[in-house]
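Here is the structure we will look at.
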Amino acid sequence: MSTAPRLTALDALHRSLGATMTDFAGWDMPLRYASERDEHNAVRTRAGLFDLSHMGEITVTGPEAAAFLSYALVGNIATVGNGRARYTMIVQEDGGIVDDLIVYRLGETEYMVVANAGNAQIVLDALTERVGGFDAEVRDDRDAYALLAVQGPESPAIMKAVTDADLDGLKYYAGLPGTVAGVPALIARTGYTGEDGFELFVAPEHAEALWRALSEAGEAHGLIPCGLSCRDTLRLEAGMPLYGHELTTALTPFDAGLGRVVKFEKEGDFVGREALRAAAERAETAPPRKLVGLVAEGRRVPRAGFSVVADGKVIGEVTSGAPSPTLGKPIAMAYVDAAFAAPGTEGVGVDIRGTHEPYEVVALPFYKRQK
Amino acid sequence: MSNPQQLRYSKEHEWLSAVEDGVATIGITEYAANALGDVVFAQLPEVGDTVTAGETCGELESTKSVSDLYSPVTGEVTAFNQDVVDDPSLVNSAPFEGGWLFKVRVEGEPDDLLSADEYTAFSGN
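Chains as they are written, first to last, in this note's numbering: chain B, -15 to 355; chain A, 397 to 521.
Here's what the structure looks like:
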């Protein structure tokens, strides 16, 4: 069965800008407008504008919304303050990661869960199933929002030109309702690029006006439209996991090195608790493969699925790899046997189409912004 | 974008210059360079290598993928472009000029090479 790809509210605008489009999780999305390297560098040094309308928004409301989300997810959602956001995960009963999520607390009894495009339906189904017994409601709001992101060091200045919202009072991982360029928006200080930036959830009919206003306000600051290609290299440099690459149902948060998102101390039971407890103990006694960074000594690019090798043996697997515009060298994230995970471990290579290319093992992230 | 009239083209998106003293220059088209995205690594055939029309003789790696490089003709490689090895982005910025890839002493060429107009129609660009 084939279905036509879904289009965002900004589709015509992307095409008028000459974007190269790509299928992503059933959506036709901009891959790049001109050079993905220029787009990447714009976000690192100035600002970039992204259409992220493919992300899946799910609204959860009701007196027991917090208790429900704390049961359905691994984080302690009850402790998220009003107007704040939390990075968390939803897992299966066996602890396998279903998706990584950002949960925004929009009010006393209102939350917005943002899932990855490819997992939005699965997350929606899981939440709908898990809400039984709680005085809470799960609402599919995927069509209610377009999502634009302004990312990069110039993004606060650009935003200040189009909104009176108190951006200085808006901390990283926080969100507040406001008006941007005359459009009602949930303004969130989140992103997936390793830079300061804002994500703006707006009604789809307002997306184009907002895009144009941000483009205009950003022009003097060097803002350019950016596609998914540079979003991937930006998040890779920042050491951020991508579902389907670093995170899968075959891994628990502890296997992914993200055990800190699991809050055993929270009140009440939660889905996956028993399996995750066991996974936490396993991780302590017999360390699983560890997620590390690899930096190429040569110029060949490691890709997801390539074997990491040492002493002629396979000791791990690349999960994401790309040429890093910031480092000027190919980089990768890879799960490797614990014995080879220490930064500086000698003799590690990646099997690139039959050739063992040397790589340096480094701690993640590859890039951290100066604050 | 326009495909230079004096060149001939393969369906694998290489271009071939007019043969001078038996030698032709080979590169990839602007259409192919755009489709690849930013080229970050070029593995080119070496001087003395024999290349065969329609067969792989190297690879071009871009941010998102790696693509085989084919030779549009058969013959011996007489030069490769060290500038492209040093700065692969030349393939994107000047695919028909400074971004040429290698030169071949032509011993044989297939009979399905395209003219500029035919290639423009074939690639839709």
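C-beta atoms are modelled at their ideal positions from N, C-alpha and C, and glycine is treated no differently.
With a cut-off of 8 Å on Cβ pairs, the segment 495 to 512 of chain A is in contact with the segment 460 to 472 of chain A, counting three or more such pairs.
Between Gly423/A and Pro491/A the beta-carbon gap is near 6 Å, inside 8 Å, which marks them as a contact.
Relative to Ala172/B, the option among Ala130/B, Ala267/B, Ser213/B and Gly67/B whose CA is nearest is Gly67/B.
Assignment of Lys274/B by DSSP, reduced to helix, strand and coil, places it in the strand class.
In this structure Arg353/B is exposed. Its beta-carbon is surrounded by fewer than 16 other beta-carbon atoms within 10 angstroms. For Val436/A, the nearest beta carbon of chain B is closer than 8 Å to its own beta carbon. C-alpha of Thr516/A to C-alpha of Arg219/B: approximately 37 Å in a straight line. Closest in C-alpha terms to Asp125/B, from the list Ser139/B, Glu113/B, Ala99/B and Lys144/B, comes Ala99/B.
Leaving aside the five residues that flank Asp239/B on each side, the residues in its chain whose CB is nearer than 6 Å to its CB run, in chain order, Pro272. With contact defined as three or more Cβ pairs closer than 8 Å, the segment 412 to 427 of chain A and the segment 203 to 221 of chain B are not in contact. Your pair Pro349/B and Glu221/B checks out as a contact, with CB atoms roughly 7 Å apart and the cut at 8 Å. In the three-state reduction of the DSSP assignment, Lys250/B falls in the coil class, being assigned neither a helical nor a strand state. With fewer than 16 other CB atoms across the displayed protein chains lying within 10 angstroms of its CB, Phe248/B is exposed. Counting along the chain, Val487/A sits inside the alpha helix (DSSP H) bounded by residues Leu486 to Ser489. DSSP places Ser54/B within a helical segment (H, G or I) once states are collapsed to three. Taking 8 Å as the cut-off, the beta carbon of Cys453/A is found closer than this to the beta carbon of Ser467/A. When C-alpha distances from Glu455/A are compared across Gly153/B, Gly202/B and Ile336/B, the shortest belongs to Ile336/B.
Proximity to Arg30/B across Asp253/B, Thr177/B and Thr4/B peaks at Thr177/B, based on C-alpha coordinates. Glu455, Glu457, Ser458, Thr459, Lys460, Ser461 and Val462: these are the residues of the segment 453 to 470 of chain A whose beta carbon lies less than 9 Å from some beta carbon of chain B, given in chain order. In the pairwise beta carbon analysis, the segment 115 to 124 of chain B is classified as touching the segment 45 to 65 of chain B: at least three pairs are separated by under 8 Å. Just so you know, the alpha carbons of Val115/B and Gly159/B end up roughly 24 Å apart. For the segment 295 to 316 of chain B, the set of positions with a beta-carbon nearer than 8 Å to some beta-carbon of chain A reads Ala306, Pro307 and Pro314 in chain order. Contact note: Gly495/A does not reach chain B at a C-beta cutoff of 9 Å; the least C-beta distance is about 14 Å. Per DSSP, the continuous alpha helix (DSSP H) segment holding Ser519/A begins and ends at Ala512 to Ser519. Closer than 8 Å to the CB of Glu344/B there is not a single CB belonging to chain A. About 4 Å separates the CB atoms of Glu138/B and His205/B; that is less than 8 Å, so the two are in contact. Closer than 7 Å at the C-beta level to chain A, one finds these residues of the segment 3 to 26 of chain B: Arg16, Ser19, Glu20 and Arg21. DSSP places Thr303/B in the uninterrupted beta strand (DSSP E) bounded by Lys297 to Ser308.
His(-2)/B and Thr269/B have their C-alpha atoms spaced approximately 51 Å apart. It is roughly 29 Å from the alpha-carbon of Gly289/B to the alpha-carbon of Arg261/B. Just so you know, the alpha carbons of Glu408/A and Ser511/A end up roughly 14 Å apart. In the same chain as Leu440/A, and ignoring 5 residues on each side of it, the C-beta atoms closer than 6 Å to its own belong to Gly454, Phe476, Leu497 and Phe498, in chain order. The C-beta distance from Ala(-4)/B to His38/B rounds to 16 Å, too long to fall under 8 Å, and the pair is not in contact.
By the C-beta density criterion, Pro14/B is buried, having at least 16 other C-beta atoms within 10 angstroms. Gly444/A has a beta carbon lying at 8 Å or more from every beta carbon in chain B. Around the C-beta of Gly32/B, 16 or more other C-beta atoms lie within 10 Å, and the residue is accordingly described as buried.
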